[in-house]
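Colleague: Chains as they are written, first to last, in full-length UniProt numbering: chain A, 1 to 327; chain B, 1 to 424.
Dropping the structure in here first, questions after.
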Amino acid sequence: MPVISYIDAVTTAIREEMERDSRVFVLGEDVGKKGGVFKATNGLYDQFGEERVIDTPLAESAIAGVGIGAAMYGMRPIAEMQFADFILPAVNQIISEAAKIRYRSNNDWDCPIVIRAPYGGGVHGALYHSQSVEAIFANQPGLKIVMPSTPYDVKGLLKAAIRDNDPVLFFEHKRAYRLIKGEVPDDDYVLPIGKADVKRQGEDITVITYGLCVHFALQAAEKLASDGISVHVLDLRTVYPLDKEAIIEAAAKTGKVLLITEDTKEGSIISEVSAIIAENCLFDLDAPIMRLAGPDTPAMPYAPTMEKYFMVNPDKVEKAMRELAEY
Amino acid sequence: MTIEQMKMPQLGESVTEGTISKWLVKPGDTVSKYEAIAEVMTDKVNAEIPSSFTGVIKELKAAEDETLAVGEVICSIEVEGSETDESRANENIHSGVKNEGITQVVATDVSISKARYSPAVLKISQENGIDLQQVKGTGKEGRITRKDLLKLIESGNIPKVKSASNQVTAPAADFMQEQPKTTQVKAVQPIAGDIEIPVTGVRKAIAANMQKSKHEAPHAWMMVEVDATNLVRYRDSIKQKFKQTEGYNLTYFAFFVKAVAQSLKEFPEINSMWAGDKIIQKKDINISIAVATDKALFVPVIKHADEKTIKGIAREITELAQKVRTGTIKSDEMQDGTFTVNNTGSFGSIQSMGIINYPQAAILQVESIVKRPVIIDGMIAVRDMVNLCLSMDHRILDGLVCGKFLARVKEIIETMTPENTQIY
Chain A
1 MPVISYIDAV TTAIREEMER DSRVFVLGED VGKKGGVFKA TNGLYDQFGE ERVIDTPLAE
61 SAIAGVGIGA AMYGMRPIAE MQFADFILPA VNQIISEAAK IRYRSNNDWD CPIVIRAPYG
121 GGVHGALYHS QSVEAIFANQ PGLKIVMPST PYDVKGLLKA AIRDNDPVLF FEHKRAYRLI
181 KGEVPDDDYV LPIGKADVKR QGEDITVITY GLCVHFALQA AEKLASDGIS VHVLDLRTVY
241 PLDKEAIIEA AAKTGKVLLI TEDTKEGSII SEVSAIIAEN CLFDLDAPIM RLAGPDTPAM
301 PYAPTMEKYF MVNPDKVEKA MRELAEY
Chain B
1 MTIEQMKMPQ LGESVTEGTI SKWLVKPGDT VSKYEAIAEV MTDKVNAEIP SSFTGVIKEL
61 KAAEDETLAV GEVICSIEVE GSETDESRAN ENIHSGVKNE GITQVVATDV SISKARYSPA
121 VLKISQENGI DLQQVKGTGK EGRITRKDLL KLIESGNIPK VKSASNQVTA PAADFMQEQP
181 KTTQVKAVQP IAGDIEIPVT GVRKAIAANM QKSKHEAPHA WMMVEVDATN LVRYRDSIKQ
241 KFKQTEGYNL TYFAFFVKAV AQSLKEFPEI NSMWAGDKII QKKDINISIA VATDKALFVP
301 VIKHADEKTI KGIAREITEL AQKVRTGTIK SDEMQDGTFT VNNTGSFGSI QSMGIINYPQ
361 AAILQVESIV KRPVIIDGMI AVRDMVNLCL SMDHRILDGL VCGKFLARVK EIIETMTPEN
421 TQIY
């Protein structure tokens, strides 16, 4: 099985879907000739031409709006936000139109759009190039938010998102693009949206997280294993709506739960995960639910020392895991 | 002289690794700060890596065309001078952390965590009948963890909670011989500021007697309301003169003891004792009265109470109470009681459930006399009311006889007037 990078899995999934279905097209800033600032759409312009790989003006509300309109008329647009930070001008289109049109039209209309956006910090990107924006959209029924951690999940879930008949936000960790590599089958496979995935089986503590933090957790789990501490790692993969069943099962398995997000702590995705566990697992808990997250500060700092302080990293994850294991 | 490590720098956003395309230096070369030492290729750019130090190249850690993650060491440089500030700063941080850790451990109390159980631990212990007091915790500060219990269950060596059913199956005749078992539950752990009082002497005897009685005698309980208005009027009218003549108080309690003694004469079943395979009905009517000091409770006995006048009983109550308080009471003055009357009203109680003075058959609590609205002949009247509470050993007595006995005491009290009740 070929080993490819996270970003190559993105490109592969888009290419295969565009080959399979002529309604699928790409739009976004610099996605065409340049192939995207991160090269996520590299080669697509040459293969499919300017009508299916469209460079747009620097206006995110237009990218979302055009995509939503095209989707409602039967197309399968993949809209790229150059950075997740820039999705904010398009929030009205996404929440008020895309998320609600099926409900509002009594099922007459739908909006099968995928909006891709690179998110996350640790790349020295400071305020406008480091944010995690998933929590903004994570209480909007009608939307789905997918945040995969591995190249295998990227390909299977991006294909599922493109084929989904409702709007899907697909957030890719920009640091994972070239850092994370993994085996990805050549064949056409689809993974279910809304299903979490156990990335490592363990008995002593449970870690529930998503995105790049999954890898931090797996690295730390490897270290703890040599000290006889066995860690169960659940990758949420879809952060909205959450896979409650898998969360409850994973939490009840060990009774000690560490929740990790790179986002700032209060009101984050893991706050909701924590609520689900509190509602369902009281009598299985052996320790207070523990959260590891970014500090509640307005922005990712630019200074490297401060960025390091802000970011979740394998050392912080390991420390939290040990603390929980010892409790 | 120190060795510094040159690391792969981050050459742009989203760049996580770089490939050394060409080394511009070799070991032994002298480089100055900011001088280019290698050419590096990344996904985005080709760049030269400047040296961060002035010194001599010691070792190249990567070959040309080798790809290294950002932060990995690419070469080492020998630098003039002593330890760097950075490494010293790190050391300081480390020692600081160590000290803090030690203080924390000293400050925390182990016993608190030991007695605090997580929901998971409680659930598992209940499902498996595990006595948590006997489990050694391996968690933080000795906390018992879920895993500790799972390991115990797996080992099959489960410390069980002592079940009460063992004692129930013992033959009834053994009750008298069998000492009440001290419970398996370990003592509560005191924490800072608590005062520990050793259980000795009288307190120990009280504890043993109470436990024995409550443990062996199945207690049943009933209460009657008594209108003591006549008694209150009568006693109020003579108490001053009595005090002047006799030199001690004429308390209500003396009237109650008298009424009880008289009723016991009429209901000898109440004046009896449990003796394992038989019930002994006592001929003598000896009334135990409870006298409390600050620290303990004594039950001196008014012997042959049925043969004494109210004045005689009042005097004996005064004398016995005095002896208890001065610590001069003798043990024979506290023996041979056949029935106990407890003056709970003296400390304001209006209802209580006494524990029987073992092996007697019953105990009567005389509660406070309080003014209450009462309906008499369809009209509301203010009356002096008192509750009499009786605890009985249901092995010896049943509700019917006790009800009759209480009704008789009530009748006597309610009709205590100067015309039919002599003090002397």
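Beta carbons: idealized from backbone N, C-alpha and C, even for Gly.
This structure is a prediction, so every number in the text was calculated from the model and none was measured.
Can you find the residues in the same chain that come closer than 7 Å, C-beta to C-beta, to A/GLN201, ignoring five residues on each side of it along the sequence?
Modeller: So the list reads HIS232, once near-sequence residues are dropped.
Colleague: Taking only beta-carbon atoms, is B/VAL374 less than 8 Å away from chain A?
Modeller: With 8 Å as the cut-off, B/VAL374 does not count as an interface residue toward chain A.
Colleague: Measuring alpha carbon to alpha carbon, tell me which of B/MET379, B/MET222, B/LEU150 ends up nearest B/GLY354.
Modeller: Answer by Cα proximity: B/MET222.
Colleague: In its own chain, which residues sit with a C-beta less than 8 Å from the C-beta of B/PRO180, not counting the 5 before and 5 after it?
Modeller: Residue placement at B/PRO180 is poorly supported in this model, since its pLDDT is 46, which falls under 50; the coordinates still yield a value, given next. Correct list, in chain order: ALA208, GLN211, LYS212, HIS215, GLU216.
Colleague: Quick test of your reading: A/ILE276 and A/LYS244, contact by CB under 8 Å. State the CB separation rounded to the nearest angstrom.
Modeller: So it is a contact: roughly 5 Å between Cβ atoms.
Colleague: Compute the Euclidean distance between the alpha carbons of B/PRO50 and A/ASN313, then round it to the nearest angstrom.
Modeller: Computed Cα separation, rounded: 27 Å.
Colleague: My guess is that A/ARG291 and A/LYS319 are in contact by the Cβ rule of under 8 Å, so how many angstroms apart are they, rounded?
Modeller: Contact doesn't hold; Cβ gap of about 14 Å is too wide.
Colleague: Whose Cβ in chain B lies nearer than 7 Å to the Cβ of A/LEU282?
Modeller: The contacting residues are PRO119.
Colleague: Distance check for A/LEU218 and A/LEU157, CA to CA, integer angstroms please.
Modeller: Whole-angstrom Cα-Cα distance: 21 Å.
Colleague: Using a Cβ-Cβ distance under 8 Å, would B/GLY142 count as near chain A?
Modeller: Not one chain A Cβ lies under 8 Å of B/GLY142.
Colleague: Quick check: what's the CA-CA separation for A/MET300 versus A/GLU172?
Modeller: Taking the straight line joining both Cα atoms gives about 17 Å.
Colleague: Name the residue from A/ARG237, A/ASN42, A/ILE205, A/ASN106 whose alpha carbon lies nearest to the alpha carbon of A/ALA325.
Modeller: Looking at the Cα atoms, A/ILE205 is the closest of the given residues.
Colleague: On a Cα-Cα basis, can you pick out the residue from B/ALA254, B/SER349, B/TYR34 that is closest to B/ALA421?
Modeller: Per the sequence shown, the amino acid found at residue 421 of chain B is Thr instead of Ala. For the residues B/ALA254, B/SER349, B/TYR34, the minimum Cα distance to B/THR421 belongs to B/ALA254.
Colleague: Taking the straight line between their C-alpha atoms, what separation do you get for A/LEU282 and A/ASP235?
Modeller: Distance between the alpha carbons of A/LEU282 and A/ASP235: 22 Å.
Colleague: Nearest chain B C-beta to A/ALA287 closer than 8 Å, yes or no?
Modeller: So yes, A/ALA287 belongs to the interface.
Colleague: Please go through the same chain and pick out, in chain order, the residues whose beta-carbon is closer than 7 Å to the beta-carbon of B/LYS7, but skip the five residues on each side of it.
Modeller: Here the set comprises GLY71, GLU72, VAL73, ILE74.
Colleague: Would you report the Cα separation of A/ASP30 and A/TYR45, rounded to the nearest angstrom?
Modeller: About 11 Å.
Colleague: Counting Cβ pairs, one atom from each stretch, are 3 or more of them under 8 Å apart for the segment 126 to 138 of chain A and the segment 189 to 197 of chain A?
Modeller: Contact between the segment 126 to 138 of chain A and the segment 189 to 197 of chain A is absent, because fewer than three Cβ pairs lie under 8 Å.
Colleague: Are the beta-carbon atoms of A/ASP263 and A/SER132 separated by less than 8 Å?
Modeller: In this structure, A/SER132 lies closer than 8 Å to A/ASP263 by Cβ.
Colleague: Taking Cβ positions, are B/ILE77 and B/VAL56 nearer each other than 8 Å?
Modeller: Result yes, Cβ atoms of B/ILE77 and B/VAL56 sit closer than 8 Å.
Colleague: Could you tell me which uninterrupted alpha helix (DSSP H) segments, each at least 4 residues in length, are contained entirely in the segment 310 to 342 of chain B, listed from first to last along the chain?
Modeller: Qualifying alpha helix (DSSP H) stretches, in chain order: 310 to 326.
Colleague: Using three-state DSSP, classify B/GLY193 as helix, strand or coil.
Modeller: B/GLY193 falls in the coil class under three-state DSSP.
Colleague: Taking its Cβ as the centre, do 16 or more other Cβ atoms sit within 10 Å of B/ALA314, making it buried, or is it exposed?
Modeller: Buried, since its Cβ has 16 or more Cβ neighbours within 10 Å.
Colleague: Less than 8 Å between CB atoms is the rule here; does B/GLU17 satisfy it with respect to chain A?
Modeller: It does; some Cβ of chain A falls within 8 Å.
Colleague: Can you give the Cα-Cα distance for B/THR169 and B/GLY276, rounded to whole angstroms?
Modeller: The pLDDT assigned to B/THR169 is 40, lower than 50, so where the model puts this residue is not dependable; a value taken from the coordinates is nonetheless given after this. If I take the Cα positions, the gap works out to 16 Å.
Colleague: Run through chain A and tell me which residues come within less than 7 Å of B/THR145, C-beta to C-beta.
Modeller: ASP286, listed in chain order.
Colleague: Can you tell me whether DSSP reads B/TYR117 as helix, strand or coil?
Modeller: DSSP places B/TYR117 in coil when its eight states are reduced to three.
Colleague: Using 8 Å as the threshold, is the C-beta distance between B/GLU39 and B/GLU48 below it?
Modeller: In contact: B/GLU39 and B/GLU48 (Cβ atoms closer than 8 Å).
Colleague: Helix or strand or just coil, what does DSSP make of A/ASN107?
Modeller: In this structure, A/ASN107 counts as coil in the three-state DSSP scheme.
Colleague: Do A/GLY35 and A/ILE63 have their C-beta atoms within less than 8 Å of each other?
Modeller: Going by C-beta atoms, A/GLY35 is not nearer than 8 Å to A/ILE63.
Colleague: Evaluate the contact criterion for the segment 283 to 302 of chain B versus the segment 333 to 345 of chain B: three or more CB pairs, one atom per stretch, below 8 Å.
Modeller: Verdict: yes, contact present.
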